[in-house]
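In this text, residue positions in the sequence shown follow our numbering: the first is 5, and each later residue adds one. Here's the structure, in structure tokens; my notes come after.
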Amino acid sequence: MTGIPDILWLEEIRKEDIPSVGGKGASLGEMASIGLPVPPAFVVTSQAFRRFLIQTGLEEPLFTVLKGVNVDDNEALESAAQKAKELVNKANMPDDLKSEISTAYEKLRRTGEIVAARSSATAEDLPDASFAGQQETVLNIKGIENLLNAIQTCWASLYGARAIYYRTKQGFEHHTVNIAIVVQQLIPSEKAGVMFTSHPVTGEPLTIIEGSWGLGEAVVSGAVSPDKYVFDRRLERTTDRLVSPKIIEIIPDGNYGTITRDVESGRQEVQVLSDEEVKRLATYGIVSEEHYGVPQDMEWAIVGEKIFVLQSRPITTIKASGSMKKETTSGSSEKVILQGQGASPGLACGPVIIIDDIRDIGKVKDGDIMVTRMTNPDMVPAMRKVAAIVTDEGGMTCHAAIVSRELGTPAVVGTRKATQILTDGMVITVDGEKGLIYEGEIALHADNGKNVQVAVAAAPAKIITATSVKVNVSMPEAAQRAAATGADGVGLLRIEHLILGLNKTPNWFIKNHKEEDFISELMNGIKVVLDAFPGKPVWVRTLDAPTDEFRNMQGGENEPIEHNPMLGWRGIRRDLQSPTQFRLQIDTFKRLWDLGYDNLGIMFPMVSHPREFVLAKEQFRQAGVDVEKVDLGVMIEIPASAILIEDFIRAGIRFASFGTNDLIQYTIAIDRNNENVTDMYWPKHPAVLALIDQAIQVCRKNSVEVSICGQAGSDPDMVTWLVEKGITSVSSNIDAISKIRETVAKTEQRIILDAARNKNAN
Numbered sequence: 005m006t007g008i009p010d011i012l013w014l015e016e017i018r019k020e021d022i023p024s025v026g027g028k029g030a031s032l033g034e035m036a037s038i039g040l041p042v043p044p045a046f047v048v049t050s051q052a053f054r055r056f057l058i059q060t061g062l063e064e065p066l067f068t069v070l071k072g073v074n075v076d077d078n079e080a081l082e083s084a085a086q087k088a089k090e091l092v093n094k095a096n097m098p099d100d101l102k103s104e105i106s107t108a109y110e111k112l113r114r115t116g117e118i119v120a121a122r123s124s125a126t127a128e129d130l131p132d133a134s135f136a137g138q139q140e141t142v143l144n145i146k147g148i149e150n151l152l153n154a155i156q157t158c159w160a161s162l163y164g165a166r167a168i169y170y171r172t173k174q175g176f177e178h179h180t181v182n183i184a185i186v187v188q189q190l191i192p193s194e195k196a197g198v199m200f201t202s203h204p205v206t207g208e209p210l211t212i213i214e215g216s217w218g219l220g221e222a223v224v225s226g227a228v229s230p231d232k233y234v235f236d237r238r239l240e241r242t243t244d245r246l247v248s249p250k251i252i253e254i255i256p257d258g259n260y261g262t263i264t265r266d267v268e269s270g271r272q273e274v275q276v277l278s279d280e281e282v283k284r285l286a287t288y289g290i291v292s293e294e295h296y297g298v299p300q301d302m303e304w305a306i307v308g309e310k311i312f313v314l315q316s317r318p319i320t321t322i323k324a325s326g327s328m329k330k331e332t333t334s335g336s337s338e339k340v341i342l343q344g345q346g347a348s349p350g351l352a353c354g355p356v357i358i359i360d361d362i363r364d365i366g367k368v369k370d371g372d373i374m375v376t377r378m379t380n381p382d383m384v385p386a387m388r389k390v391a392a393i394v395t396d397e398g399g400m401t402c403h404a405a406i407v408s409r410e411l412g413t414p415a416v417v418g419t420r421k422a423t424q425i426l427t428d429g430m431v432i433t434v435d436g437e438k439g440l441i442y443e444g445e446i447a448l449h450a451d452n453g454k455n456v457q458v459a460v461a462a463a464p465a466k467i468i469t470a471t472s473v474k475v476n477v478s479m480p481e482a483a484q485r486a487a488a489t490g491a492d493g494v495g496l497l498r499i500e501h502l503i504l505g506l507n508k509t510p511n512w513f514i515k516n517h518k519e520e521d522f523i524s525e526l527m528n529g530i531k532v533v534l535d536a537f538p539g540k541p542v543w544v545r546t547l548d549a550p551t552d553e554f555r556n557m558q559g560g561e562n563e564p565i566e567h568n569p570m571l572g573w574r575g576i577r578r579d580l581q582s583p584t585q586f587r588l589q590i591d592t593f594k595r596l597w598d599l600g601y602d603n604l605g606i607m608f609p610m611v612s613h614p615r616e617f618v619l620a621k622e623q624f625r626q627a628g629v630d631v632e633k634v635d636l637g638v639m640i641e642i643p644a645s646a647i648l649i650e651d652f653i654r655a656g657i658r659f660a661s662f663g664t665n666d667l668i669q670y671t672i673a674i675d676r677n678n679e680n681v682t683d684m685y686w687p688k689h690p691a692v693l694a695l696i697d698q699a700i701q702v703c704r705k706n707s708v709e710v711s712i713c714g715q716a717g718s719d720p721d722m723v724t725w726l727v728e729k730g731i732t733s734v735s736s737n738i739d740a741i742s743k744i745r746e747t748v749a750k751t752e753q754r755i756i757l758d759a760a761r762n763k764n765a766n
């Protein structure tokens, strides 16, 4: 660790810096680097902590206290933890370190005087080691003395009972684990919470968002039963929401710490998040998951219209395919006495033990079912013993849910009244999948035929198909993972994600930086994807971000306010009216072609008439591009473009690709994000299928490649129909490639077999 500074700012940090800044610090630095809206912060590094231990002479007495402690003996564990924390808290921080922290704090205060100190352990957030909530976070800190005290409090929390217990059980040596402290501007959130970018148990592409009023600590700690929103990434809309009574909220208290107060009755059952906020959060989640390559557990906060991302770490609880045996109850005759949210799957029977106070955990025996208002990290040793866990409060992202999933213990959370209805010694059965509590011990039946399937990138497929199976890529960071699927190319690379990552509108960035900087940002991102798919087509879509996606960025105040941005100034219509913005995109593509990337194809979105394609093509010609030697195509997202496809072919398109998400809503006049009509959103509406079929047949007749890159390209039933109709290629999400390739192969084999049978019959 020699040479590591005592203080590092987020812009200096990347994910490889975990030994210096811990899991939380490295994640924040990485998120900031890809343009996610992270509040400004600096990190007091693990080097500073280790120097503190050495210069105060704490190392030997501290590790002597911890050596050989029996972590299964609650009294011995608590005694060792108390002695260790006292040693750290009473030591005097070196003056030069105080001075460095003070200087950094003064700089941070320019963006906001109130800060939070968040512990970031160097073994935190590693796979199969969820250290959730073990170290301290101190919120609402004002003044350098309060900050120095908070940092020392966080350092001492590395030796809390739960932390000692976890490290011992996970096989970490105490002296090898260091701690860094993130000092971050505190966001005085009006609403906040937690998000799982994929389902935390099955890995399905369902974003689970939970939120409540005030600071996010209320949700993280399980002090409140939050609202729950399920955003289906395949449908790109909210498919489920649960609005809970939010009785309390946590808010800043004066110059230090927080207080809990009652939420006024008029707000308790008000929905916290709008559908638009859910969608924006889910989008940030997708960016983070694709950047890291694994599903993420994220914390967020909202002030006004601004969303901030406070943390992103890997979900450590998704089970591998086939590793979970599904159990069910024997029938409908069992008496259900309570219902909540199924937070950790599985079934368990046993006697109830009510935990009203942390001092009661010594009563817990192996096989008990723990029932409490909400668990906290101090309960982890007891949680390891029990057969199941039931709570009054909390949701899918609370402490009880996360730890239960890690332990593989069935859990039902948010029952609201379990501690009132259940009694000590009462025998119950807990169904952690359905969220049900049954009276008595009931029969359990294993369903060995159905295993939980996890959405993971497949190894390169060995199946050869005539219909190309391509992959959709949102971010360059996902390129290698996408290439590992063995896909036949990239059917959609969204250029707006490269721009959105700058967290500045294109106009603002171009105006305040050199045009060359804008080109470099785009070129570097696209080049990463091209390099991952040598010799395979990579279709890049020109800018297609609706104005509302730009409004919260730097420069967003100049974006027009539109009542329906999906039908507004976007796609090719915006590019043709923004000559500089479009020219710089074209210059980027030309440079890549000049470098020999002949596999690069460009497609124009939101095209409604061939003249738009002709105008765009002319802009390429004027920029010096030989338009007869490059692949230019269009997205078919508007019914007009499907109807006029023959005219587009005459205008010179080399390929076309269906953007079914928009095509569906524009054809049947259904806003897929409007909860009042989402049940009418019908991907296989006869009119939609007729438009697609017509366009496919015209393209086939004219030997023009036709593909699909909307969500329907990841739907096996829809893909079967498309292959039967003669589509040239399909482009699917990364996690669907294996299944879609198999679907394509089976469909092609059936078509060949049917043709052979018909020939023999004749």
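Note that beta-carbon positions come from the ideal geometry of N, C-alpha and C, so glycine has one too.
- Message: I'd like the list of long-range same chain contacts for residue 246, defined as Cβ closer than 7 Å, with 5 residues on each side in sequence excluded.
- Response: 231, 232
- Task: Look up residue 707 in the DSSP assignment and say whether it is helix, strand or coil.
- Result: coil
- Message: If I measure Cβ to Cβ from residue 464 and keep anything under 6 Å in the same chain, skipping five residues before and after, which residues do I get?
- Response: Its pLDDT being 39, under 50, residue 464 is placed unreliably in this model, and the coordinates cannot settle the point.
- Taking the Cβ atom as the reference point for each residue, do residue 584 and residue 657 lie within a distance shorter than 9 Å? no
- Are residue 413 and residue 432 close, meaning C-beta to C-beta below 9 Å? no
- Item | Rounded straight-line distance, which links the Cα of residue 373 to that of residue 80 | 24 Å
- Query: Looking at the structure shown, is residue 232 part of a helix, part of a strand, or coil, going by DSSP?
  - Reply: strand
- Query: Does DSSP classify residue 444 as helix, strand or coil?
  - Reply: coil
- Query: Opposite residue 218 in the DSSP bridges: which residues?
  - Reply: 254
- Query: By how many angstroms is the C-alpha of residue 105 removed from the C-alpha of residue 144?
  - Reply: 17 Å
- Query: Can you tell which of 85, 66, 101 has its C-alpha closest to the C-alpha of residue 48?
  - Reply: 101
- Task: Would you give the residue range spanned by the beta strand (DSSP E) that residue 355 belongs to?
- Result: 351-359
- Message: Buried or exposed for residue 244, going by 16 or more other Cβ atoms inside 10 Å?
- Response: exposed
- Message: Only counting the same chain, and skipping five residues up and downstream in sequence, which positions put a Cβ closer than 7 Å to that of residue 35?
- Response: 42, 292, 313, 316
- Message: Whole angstroms are fine: how far does the CA of residue 417 sit from the CA of residue 273?
- Response: 18 Å
- Message: Within 8 Å, do at least three Cβ pairs link the segment 164-179 to the segment 273-292?
- Response: no
- Message: Quick check: does the Cβ of residue 368 come within less than 8 Å of any heavy atom belonging to the ligand SAH?
- Response: The ligand SAH is not part of this structure, which contains no ligands at all.
- Query: Taking the continuous beta strand (DSSP E) assigned at residue 605, which residues delimit it?
  - Reply: 604-608
- Item | Unbroken stretches of the alpha helix (DSSP H), 4 residues or longer, contained in the segment 608-654 | 614-626, 643-647
- Grouping DSSP H, G and I as helix and E and B as strand, with all else coil, what is residue 292? helix
- Query: What's the gap between the Cα of residue 89 and the Cα of residue 568?
  - Reply: 56 Å
- Item | residue 744 vs residue 710 beta-carbon contact at 9 Å | no
- Message: So residue 194 and residue 482 are supposed to be a Cβ contact under 8 Å. How far apart are they, rounded?
- Response: 33 Å between Cβ atoms; not a contact.
- Query: Contact between the segment 469-487 and the segment 571-585: three or more CB pairs below 8 Å?
  - Reply: no
- Message: According to DSSP, is residue 512 part of a helix, a strand, or is it coil?
- Response: helix
- Using the C-alpha atoms, what's the distance from residue 190 back to residue 2? A query on residue 2 cannot be resolved here, the shown segment of the chain reaching from 5 to 766 and no further.
- Query: For the alpha helix (DSSP H) that contains residue 597, what are its first and last residues?
  - Reply: 583-598
- Task: Check residue 537 in the structure and name its three-state DSSP category.
- Result: coil
- Message: Using C-beta distances below 6 Å, list every residue in its chain close to residue 391, excluding the 5 sequence neighbours before and after it, in chain order.
- Response: 352, 354, 371, 373
- Message: So the candidates are 563, 560, 601; which of them puts its Cα closest to the Cα of residue 535?
- Response: 601
- Using 10 angstroms around the beta-carbon of residue 543, count the other beta-carbons present and answer buried if the total reaches 16, otherwise exposed. buried
- Message: Considering Cα atoms alone, identify which of 122, 96, 492 is closest to residue 60.
- Response: 96
- Whole angstroms is fine: what's the gap from residue 576's alpha carbon to residue 202's? 32 Å
- Within 10 angstroms of its Cβ, does residue 610 collect 16 or more other Cβ (buried), or is it exposed? buried
- Message: According to DSSP, residue 303 sits in a beta bridge with which residue or residues?
- Response: 198, 315
- Check whether residue 437 and residue 420 have beta carbons under 9 Å apart: no
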